[in-house]
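Visitor: So the sequence shown is numbered by the working numbering: it starts at 8 and just counts up by one.
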Amino acid sequence: MATNSPIEWTEATWNPVAGCTVLSPGCTNCYAMRLAARLEAMGQPKYSGITRKSGGRYKWNGRINFDRASLDIPKRWKVGRTIFVNSMSDLFHAKVPLEFIKEVFATMVATPQHTYQVLTKRAERAEELSSKLPWPKHIWLGVSIENADYVDRIDNLRRTHAAVKFLSLEPLLGPLEGLNLNGIDWAIAGGESGPSARPMPIEWVRSIRDQCVAAKVAFHFKQWGGVNKKRTGRVLDGRTWDQLPRRARKQEQPALAFGD
Numbered sequence: 008m009a010t011n012s013p014i015e016w017t018e019a020t021w022n023p024v025a026g027c028t029v030l031s032p033g034c035t036n037c038y039a040m041r042l043a044a045r046l047e048a049m050g051q052p053k054y055s056g057i058t059r060k061s062g063g064r065y066k067w068n069g070r071i072n073f074d075r076a077s078l079d080i081p082k083r084w085k086v087g088r089t090i091f092v093n094s095m096s097d098l099f100h101a102k103v104p105l106e107f108i109k110e111v112f113a114t115m116v117a118t119p120q121h122t123y124q125v126l127t128k129r130a131e132r133a134e135e136l137s138s139k140l141p142w143p144k145h146i147w148l149g150v151s152i153e154n155a156d157y158v159d160r161i162d163n164l165r166r167t168h169a170a171v172k173f174l175s176l177e178p179l180l181g182p183l184e185g186l187n188l189n190g191i192d193w194a195i196a197g198g199e200s201g202p203s204a205r206p207m208p209i210e211w212v213r214s215i216r217d218q219c220v221a222a223k224v225a226f227h228f229k230q231w232g233g234v235n236k237k238r239t240g241r242v243l244d245g246r247t248w249d250q251l252p253r254r255a256r257k258q259e260q261p262a263l264a265f266g267d
């Protein structure tokens, strides 16, 4: 199954893998755990048995389901889309074998009309497997970083062979000062949303924006978050930030000029 996406920085999601494991503090309130439980209740077999209820909330139980039937879905989309790969899992999870990852990449390579955004918290495995995978310019790779304890993921990303490298600094749970943005093309920042959302001071976001502007890294501010993210919106200091990587393909919307 692949769907149009309400996520501000992409157009569609594609999930050949479902299920995950809580890895770091950014996973605590992951929307995908709640969504997976709802999809299972709706009778979607891909999401069967991948969550458990604990403390009144649904959480990943470590089971991973593979959906080979979805591998060809992007081939049916003739008009190019920007696609977030595995919004309901992590392609570089330890339980996803290299051979299946290669099958996912084969589909991406065969459909250059699309732009694929592969996002992972398993930065070490992404680096380890990078040389075994093809990296045409329409396959982007990003890592998630929620606080200063996980900035080493940027170094793992920098050592991969991806042509376009990006950071997802959300849910932002702490200040990120002095980031090394060498070789990074794009940074997304955003607050946590939904039940039990943790706060994000404006100073944290301003710092990231200013570091991106200084380093000429495209910056996207996704949301303030909170229990009602539509109400809090995504305006930062009087404007929205929707920049895209400068090394994106020519047929895509070009990145906004810095400071515009």
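Backbone N, C-alpha and C define an ideal beta-carbon position, used for all residues, glycine too.
Model, not experiment: these values are computed from the prediction.
In chain order, what residues of the same chain have a beta carbon less than 8 Å from the beta carbon of P252, not counting five sequence neighbours either side?
Guide: To locate residue 252, count along the sequence shown from 1; it is residue 245. Cβ within range, chain order: W147, V171, F173, D192, W193, A225 and A262.
Visitor: Would you be able to state if there are at least three C-beta pairs under 8 Å between the stretch 153 to 173 and the stretch 209 to 220?
Guide: Touching, no.
Visitor: Using the C-alpha atoms, what's the distance from P81 back to E106?
Guide: Start at 1 with the first residue of the sequence shown, and residue 106 comes out as number 99. Start at 1 with the first residue of the sequence shown, and residue 81 comes out as number 74. When rounded, the distance between both Cα atoms is 19 Å.
Visitor: Closest to P104 by CA distance: which of M115, V116, W84 and N72 is it?
Guide: Within the sequence shown, residue 104 is the residue found at index 97, counting from 1. When each option's Cα is compared against that of P104, the closest is N72.
Visitor: Using the three-state DSSP reduction, which class does S203 fall into: helix, strand or coil?
Guide: To locate residue 203, count along the sequence shown from 1; it is residue 196. Coil, per DSSP.
Visitor: Using three-state DSSP, classify I90 as helix, strand or coil.
Guide: Here residue 90 is taken as the residue at index 83 of the sequence shown, counted from 1. Strand, per DSSP.
Visitor: Taking Cβ to Cβ, would you say T114 is nearer than 8 Å to D79?
Guide: Position 107 of the sequence shown, counted from the first residue, corresponds to residue 114. Position 72 of the sequence shown, counted from the first residue, corresponds to residue 79. Cβ atoms of T114 and D79: closer than 8 Å.
Visitor: Closer than 8 Å is the cut-off here; do at least three beta carbon pairs connect the stretch 129 to 139 with the stretch 82 to 102?
Guide: Because the criterion of three Cβ pairs below 8 Å is met, the stretch 129 to 139 and the stretch 82 to 102 touch.
Visitor: For the alpha helix (DSSP H) that K109 lies in, which residues bound it at each end?
Guide: Locating residue 109 in the sequence shown gives position 102, counting from the first residue. Run containing K109: L105 to A117, per the alpha helix (DSSP H) assignment.
Visitor: At what residues does the alpha helix (DSSP H) containing L42 begin and finish?
Guide: As a position in the sequence shown, residue 42 is number 35, starting the count at 1. Unbroken alpha helix (DSSP H) run through L42: Y38 to A48.
Visitor: Go through its chain and collect everything with a Cβ distance to H145's Cβ below 7 Å, but skip five positions before and after it.
Guide: Indexing the sequence shown from 1 puts residue 145 at position 138. Hits under 7 Å: P119, H121, T122, Y123 and R256.
Visitor: Exposed or buried, what is A39 when buried is set at 16 or more other beta-carbons lying within 10 Å of its beta-carbon?
Guide: Along the sequence shown, read from residue 1 onward, the residue named residue 39 stands at position 32. A39 comes out buried.
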